[in-house]
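Visitor: This is the structure I have questions about; it appears just below.
2 protein chains.
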Amino acid sequence: MSTAPADPAAEADGATAAHRVFDLLSEAIISGELAPGAKIKESALSSRFGVSRAPLREAIRRLEERKLLIRTPRLSARVTELTPVRITELYEIREVLEGMAARQAALRMQPDDIAHLRDLLRQHEAALNATEDDVYRQGTADEDFHFFIIQRSGNATLVQILCDEYYNLIRMVRRRHSRVAGRARRALQEHQQLVEALAERDGDFAERLMRRHVAAALRGILGSLDAETRTPQMESGIAA
Amino acid sequence: MSTAPADPAAEADGATAAHRVFDLLSEAIISGELAPGAKIKESALSSRFGVSRAPLREAIRRLEERKLLIRTPRLSARVTELTPVRITELYEIREVLEGMAARQAALRMQPDDIAHLRDLLRQHEAALNATEDDVYRQGTADEDFHFFIIQRSGNATLVQILCDEYYNLIRMVRRRHSRVAGRARRALQEHQQLVEALAERDGDFAERLMRRHVAAALRGILGSLDAETRTPQMESGIAA
DNA sequence: CGCGCTGCTTTTGTCGACAAATTAATGACA
DNA sequence: TGTCATTAATTTGTCGACAAAAGCAGCGCG
């Protein structure tokens, strides 16, 4: 039934009904319960969530803002389709933006921050050795790592764009396409290199490493997309 | 009364009432009729625009997405305040994003596109020679130039971010802070250099020029902000 | 005389219903 | 039988009203 919020970096579950519905709907979209391209019927969803159409519309509006829905004036909203082109565009933007974040973070990092990052990587490594398939938690660790660096860039607007507005979309890409064999361990190595560059306050190198890291992630995703071309996706509509 | 839409690159005036109100409200905010920090009272505005609160709320939601309003769960929405920090953050992001756009555009430019850009610059120059103070139209020409290059980057997501989501905010910054003496002519020169780099398909140089151009614009704005520190702003609330 | 409490006003969040518009369904016609 | 026009059924956009929460004023109390 997936009624548990369990949404990190999101507003508290009980702020308003609209926020609650927003969390529920994002989860439904990201998990694939609402398949890409599926039409969003307001009355159906409002009755499903037990709220009126007003808060549901607010949630839809917010999901459109976060690029999880596409809405055209009089037509129904539809769930975003993650085409290779779209994913590429998104990751190219991530590349320059997170590269910039890494550069600026390198100049502002405190010893405590470096220690925290090293700790994160230790946990990441442990999780990697312990489980072979828990991609979800691994993705969360990856997010923690990236978000921490972004936050240390000191650019609040950048933090908002990457950690808030595009958070769900990136999570959706990762959740659905980012289970490339062996990629996790290489990613960990890249993270470790990046932390060293940050520790040395080498903004130039940190930016370069981050850009390569994001570009490599994109290549992995595109490669796996190529491999699974025309693999039947057994996702169902909302009527579970 | 300023009921004329006159909003370039925006949706048609009559798509829905919410769109119309969105245009009206953005204009009111950008022009300064709604002063920064001013509270947005839904009922007052809905009666002012002659619509119900539903489409007004939709417009508010969209304006929050475009960063022209800040809204906290139960408090009233407030008009964004353009602090120097915020402007700096925005322009640093523009720098990397538009730099990237220029690089990619350099590789995709067609002869027609170069001709169009040269034509734009001729018009820009003519306008600059003709009028001494029409900053608004000059700003529009500047937008046309930047937007065209961004669009030729081929990255639709990037176009959406820069030409749609941040369009109004950038316009607001320009409208309120970008009338630095002599900056317009230097900006034109920088544009001309940029077009040459694009014509030569020198993506590396185009990116560098664009970044310098945006950074210079930011310096101009910050300088003028410094100069007018504590200058009384004679903006009034909505009750005109 | 300052501070906290109570009650009132204002404002947002939510609801149910109506109207316009789109989509589909049906039937007529070439 | 295929295509198009007309009509029925959804679905979105909009409205006015109610309820809950926040802000504000006046009052009592230490």
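Heads up: the sequence lines are chains A and B, in that order.
Note that this note's numbering numbers the first sequence so that position 78 is 78, with each residue one more than the last.
Note that this note's numbering numbers the second sequence so that position 79 is 1079, with each residue one more than the last.
All residues carry an ideal CB built from backbone N, CA and C; glycine is no exception.
All values reported here derive from a predicted model rather than from experimental measurement.
Is it right to say serine 43 (chain A) is buried, meaning 16 or more other beta carbons lie within 10 angstroms of its own, or is it exposed?
Guide: Classification of serine 43 (chain A): exposed, given that the 10 Å Cβ count is below 16.
Visitor: Can you pull the chain B residues whose beta carbon is under 8 Å from the beta carbon of threonine 83 (chain A), in chain order?
Guide: Those do not exist, as threonine 83 (chain A) stays about 11 Å from chain B at its closest Cβ, beyond 8 Å.
Visitor: My guess is that alanine 1106 (chain B) and leucine 1162 (chain B) are in contact by the Cβ rule of under 8 Å, so how many angstroms apart are they, rounded?
Guide: Their Cβ separation, rounded to whole angstroms, is 17 Å, which puts alanine 1106 (chain B) and leucine 1162 (chain B) out of contact at 8 Å.
Visitor: Taking the C-alpha atoms as reference points, what is the distance between arginine 179 (chain A) and glutamine 123 (chain A)?
Guide: Using only the alpha carbons, I get a separation of about 19 Å.
Visitor: Determine, using beta carbons only, whether histidine 1124 (chain B) comes closer than 9 Å to chain A.
Guide: Closer than 9 Å: no.
Visitor: Given this structure, state the Cα-to-Cα distance separating methionine 100 (chain A) from valine 1096 (chain B), to the nearest angstrom.
Guide: Methionine 100 (chain A) and valine 1096 (chain B): Cα-Cα distance of roughly 8 Å.
Visitor: Please report how far the alpha carbon of glutamate 1055 (chain B) lies from the alpha carbon of arginine 48 (chain A), in whole angstroms.
Guide: It should be pointed out that residue 1055 (chain B) corresponds to proline in this sequence rather than to glutamate. If I take the Cα positions, the gap works out to 24 Å.
Visitor: For a quick check, are the C-beta atoms of leucine 1128 (chain B) and leucine 1188 (chain B) less than 9 Å apart?
Guide: For leucine 1128 (chain B) and leucine 1188 (chain B), yes; Cβs fall inside 9 Å.
Visitor: State the DSSP-derived secondary structure class of alanine 1035 (chain B), mapped to helix, strand or coil.
Guide: Coil, per DSSP.
Visitor: Who are arginine 1078 (chain B)'s beta bridge partners in DSSP?
Guide: Paired residues: B:Lys1039, B:Ile1070.
Visitor: For methionine 1001 (chain B), decide whether its Cβ has a neighbour in chain A, counting only Cβ atoms nearer than 9 Å.
Guide: Per-residue confidence for methionine 1001 (chain B) stands at a pLDDT of 33, beneath the threshold of 50, marking its modelled position as unreliable; no derived number is given.
Visitor: Spatial neighbours of arginine 108 (chain A) within its chain, please: CB distance less than 7 Å, with the 5 preceding and 5 following residues excluded, ordered by chain position.
Guide: Excluding residues within five positions, the ones whose Cβ falls inside 7 Å are Arg152, Gly154.
Visitor: Per DSSP, what kind of secondary structure is aspartate 1202 (chain B) in: helix, strand or coil?
Guide: Coil at aspartate 1202 (chain B), not helix or strand.
Visitor: Contact criterion: CB-CB distance below 9 Å. Does leucine 1045 (chain B) meet it with respect to chain A?
Guide: It does not; no Cβ of chain A falls within 9 Å.
Visitor: Counting only Cβ-Cβ distances shorter than 7 Å, please list the residues of the stretch 88-108 of chain A near chain B, keeping chain order.
Guide: Result list: Glu89, Leu90, Glu92, Ile93, Val96, Leu97, Met100.
Visitor: Give me the chain A residues within the contact set of glutamate 1042 (chain B), using Cβ-Cβ distance strictly less than 8 Å, ordered along the chain.
Guide: The contacting residues do not exist; glutamate 1042 (chain B) stays about 13 Å from chain A at best.
Visitor: Does the beta carbon of histidine 116 (chain A) come closer than 9 Å to any beta carbon on chain B?
Guide: No, histidine 116 (chain A) lies away from the interface with chain B (no Cβ there is under 9 Å from its Cβ).
Visitor: Between A:Arg174, A:Ala17, A:Glu33, which has its C-alpha nearest arginine 57 (chain A)'s C-alpha?
Guide: Taking only the C-alpha atoms, the option nearest arginine 57 (chain A) is A:Ala17.
Visitor: Proline 1036 (chain B) and threonine 1080 (chain B): beta carbons closer than 9 Å?
Guide: Yes, they are a contact pair.
Visitor: In whole angstroms, give me the CA-to-CA distance for histidine 213 (chain A) and alanine 1227 (chain B).
Guide: Approximately 42 Å, taken between the alpha carbons.
Visitor: Taking the alpha-carbon of valine 1160 (chain B) as reference, which of A:Glu207, A:Leu90, A:Gly223 has the nearest alpha-carbon?
Guide: Before going further, note that residue 1160 (chain B) is glutamine rather than valine in the sequence given. Nearest C-alpha to glutamine 1160 (chain B): A:Leu90.
Visitor: For leucine 1128 (chain B), which residues in chain A fall below 9 Å Cβ to Cβ?
Guide: Per Cβ cutoff of 9 Å: no residues; leucine 1128 (chain B) is ~31 Å from chain A at best.
Visitor: Quick one: grab the DSSP three-state call for glycine 1223 (chain B).
Guide: In this structure, glycine 1223 (chain B) counts as helix in the three-state DSSP scheme.
Visitor: Anything in chain A within Cβ reach of threonine 1016 (chain B), meaning under 9 Å, just list it in chain order.
Guide: Correct list: Pro73, Arg74.
Visitor: Is tyrosine 91 (chain A) helix, strand or coil by DSSP?
Guide: Helix.
Visitor: Taking isoleucine 1170 (chain B) as the reference, give the member of B:Glu1196, B:Ala1130, B:Leu1082 with the closest Cα.
Guide: It is B:Leu1082.
Visitor: Given a cut-off of 9 Å, decide if glutamine 192 (chain A) and isoleucine 121 (chain A) are closer than it, judged by their beta-carbon atoms.
Guide: The question names isoleucine, yet the displayed sequence has leucine at residue 121 (chain A). Yes. Within cutoff.
Visitor: I need the straight-line Cα distance from alanine 1028 (chain B) to asparagine 168 (chain A), nearest angstrom please.
Guide: For alanine 1028 (chain B) and asparagine 168 (chain A), the distance between alpha carbons rounds to 32 Å.
Visitor: Since I believe arginine 66 (chain A) is in contact with glutamate 251 (chain A) (beta carbons under 8 Å), could you give me their beta-carbon distance rounded to a whole number of angstroms?
Guide: The structure shown does not extend to residue 251 (chain A), since chain A is modelled only from 1 to 240, so the question has no answer here.
Visitor: My output table needs one value for glycine 1139 (chain B): the three-state DSSP class, helix, strand or coil.
Guide: Helix.
Visitor: Under 9 Å between C-beta atoms, does glutamine 1192 (chain B) make it to chain A?
Guide: No, glutamine 1192 (chain B) does not count as interfacial toward chain A.
Visitor: Hey, is isoleucine 161 (chain A)'s beta-carbon within less than 9 Å of any beta-carbon in chain B?
Guide: True, the Cβ-Cβ gap to chain B drops below 9 Å.
Visitor: Taking Cβ positions, are arginine 1053 (chain B) and glutamate 1064 (chain B) nearer each other than 9 Å?
Guide: Contact: no.
Visitor: If you draw a straight line from the C-alpha of alanine 1216 (chain B) to the C-alpha of aspartate 202 (chain A), how long is it?
Guide: The straight-line gap from Cα to Cα measures roughly 25 Å.
Visitor: Along chain A, which residues have their Cβ under 7 Å away from the Cβ of glutamate 1065 (chain B)?
Guide: By Cβ distance, chain A contributes Glu65.
Visitor: To the nearest whole angstrom, what separates the beta carbons of histidine 1177 (chain B) and leucine 1225 (chain B), a pair I think is in contact under 8 Å?
Guide: So it is a contact: roughly 6 Å between Cβ atoms.
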